[in-house]
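Inspection log for the structure reproduced underneath, given as structure tokens.
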């Protein structure tokens, strides 16, 4: 038991500063330099019911996506969203959310793309906070406006359709990591059962992709596995630090979670999230697909 | 909103097909019911609202280490593919026992939320002054608001699969349904949502031709059609 306990608390991630635990949050609820945001796919049955006291809501569909074209929110909209929620350039912004932190990870990726300096993830997400029966609140605070100015997008963290086409087939140097479930990878289903509303015209995966489901990176309680376990997991599939890695899933949220693991916990220098993912790839005419 | 008779002794409240036996007390905000046992202690479980909001439960964590609990405290957590929530005790007292049957089979909570799927029994003295606990008839407005807020629709059976087909023709939906049912065992229940105005005619014909059961049909306030289909016949296509 001693051994497994010490392994549980392995902190030798390459960038430990981007991860906080639930106890850290419990101690910083009143900290004016810390803004906590719950990022939900389904705010109706999550944030709106109760949330970490003082936390603001980022509604993934409405707040993190562009309202018109299919894209993440614009830089101006990101600045406005953060400023409106009392965030300034020197704020520590901590994200957590529903669905195993998938959408919190997506928002983390978006804010990193726009160069926000100090954004972190609460390990284990909403689920862990509730599991530990920590305090919850229904109150929505009146916040004084912050002032965020974002820099130019960092394209080194984002992959587009053409980027994927370019590297596809070069498994050795440019692995594509499909983090969906094995059934989605094989094409048996085109959407995960937990939210089956958006499908692609075709099932399967991008030719040459390797399947490492996102959930293999976490323990039962939703917290990340140790560096040693994670290195073994990705290393055994040929996804190593020296490669140019692209992660994808269906709409880019689960792959943000794996992108976070590779980029920050393991410190891979070259890893991009393909947010177009299967709902783009599986809908394009003549895109190469494997089942 | 209507009161319907059932095989229980009491008249049960039904809202959007979510049923609330009138012999139980409800903590509406936490989706919890409480039943007074003959010895005065309390049996606690979840309502059909939470069951249909979550879908089939896959994991449960009963907090076996707890002894004394206070009202509002989490005594268990339950998780489905799409939702995770705490089961909060509506009374203070001492935990007598957890339901051993749900430990092995969390789906029992969905299958019989007001019966064999109970969660915990609590020895309590304050049942008489348990503020906020109400009978279904007293809490009907709160229950109605709760269902509206959470956008829950209950059905005769809890679906195993969801098929959303908004913006596509019903014939395409039925092709997907055939494909899905071919891979699933007899007894599988599928909830289909469609905005096709001819969906009902087509699905009645489909069920007849394929010899499958159309359990339920309804139209919601957004003019979407909901169908509940059960696989009865092994080879669907």
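Protein chains in written order, with my numbering: chain A, 357 to 647; chain B, 17 to 253.
Backbone N, C-alpha and C fix where the C-beta goes; we use that ideal spot for every residue, glycine too.
- Between residue 375 (chain A) and the set A:582, A:557, A:605, the nearest pair of CA atoms involves A:582.
- Secondary structure note for residue 51 (chain B): its beta strand (DSSP E) is the uninterrupted segment 48 to 52.
- Just measuring C-alpha positions, the residue of A:468, A:425, A:410, A:458 sitting nearest residue 435 (chain A) is A:468.
- Linking residue 461 (chain A) to residue 143 (chain B) through their CA atoms gives a straight-line distance of about 44 Å.
- A buried status is given to residue 453 (chain A), since no fewer than 16 other beta-carbon atoms sit within 10 Å of its beta-carbon.
- Secondary structure of residue 250 (chain B) (DSSP, three-state): coil.
- Between the segment 593 to 607 of chain A and the segment 516 to 536 of chain A there are three or more C-beta pairs closer than 8 Å, enough to call the two in contact.
- With contacts defined by Cβ atoms closer than 8 Å, residue 599 (chain A) and residue 530 (chain A) form a contacting pair.
- Residue 117 (chain B) and residue 44 (chain B) have their alpha carbons spaced roughly 25 Å apart.
- Counting of Cβ neighbours within 10 angstroms places residue 177 (chain B) among the buried residues, the total reaching 16 or more.
- The C-beta of residue 249 (chain B) has fewer than 16 other C-beta atoms within 10 Å across all chains shown, which makes the residue exposed.
- For residue 571 (chain A), the CB contacts under 8 Å within the same chain, skipping 5 residues up- and downstream, are 456 in chain order.
- Between residue 459 (chain A) and residue 419 (chain A), the C-beta spacing is not below 8 Å.
- Looking only at B:41, B:63, B:86, the smallest Cα-Cα distance to residue 170 (chain B) is reached by B:63.
- Positions of the alpha helix (DSSP H) runs, each at least 4 residues long and wholly inside the segment 408 to 473 of chain A, are given as 416 to 419, 431 to 440, 458 to 469 in order along the chain.
- Going by DSSP, residue 534 (chain A) is part of the beta strand (DSSP E) stretching over 532 to 534.
- In this structure, residue 125 (chain B) sits near residue 73 (chain B), with a CB-CB distance shorter than 8 Å.
- In the structure shown, residue 100 (chain B) falls within a strand segment according to DSSP collapsed to helix, strand and coil.
- Taking the Cα positions, residue 100 (chain B) is about 8 Å away from residue 70 (chain B).
- At a C-beta separation below 9 Å, residue 487 (chain A) has these neighbours in chain B: 77, 90, 93, 100, 102.
- Under the 8 Å criterion on CB atoms, residue 400 (chain A) is classed as interfacial with respect to chain B.
- Taking C-beta atoms as the reference points, residue 515 (chain A) and residue 645 (chain A) fail to come closer than 8 Å.
- Counting C-beta pairs closer than 8 Å gives fewer than three between the segment 77 to 87 of chain B and the segment 149 to 162 of chain B, which falls short of the contact rule.
- With a threshold of 8 Å between beta carbons, residue 418 (chain A) makes no contact with chain B.
- Non-local beta-carbon contacts of residue 466 (chain A) in its own chain, meaning distances under 8 Å to residues more than five positions away in sequence, involve 420, 428, 429, 434 in chain order.
- Note that the C-beta distance between residue 635 (chain A) and residue 563 (chain A) is not below 8 Å.
- When the beta-carbon positions are compared, residue 392 (chain A) and residue 406 (chain A) stay at least 8 Å from each other.
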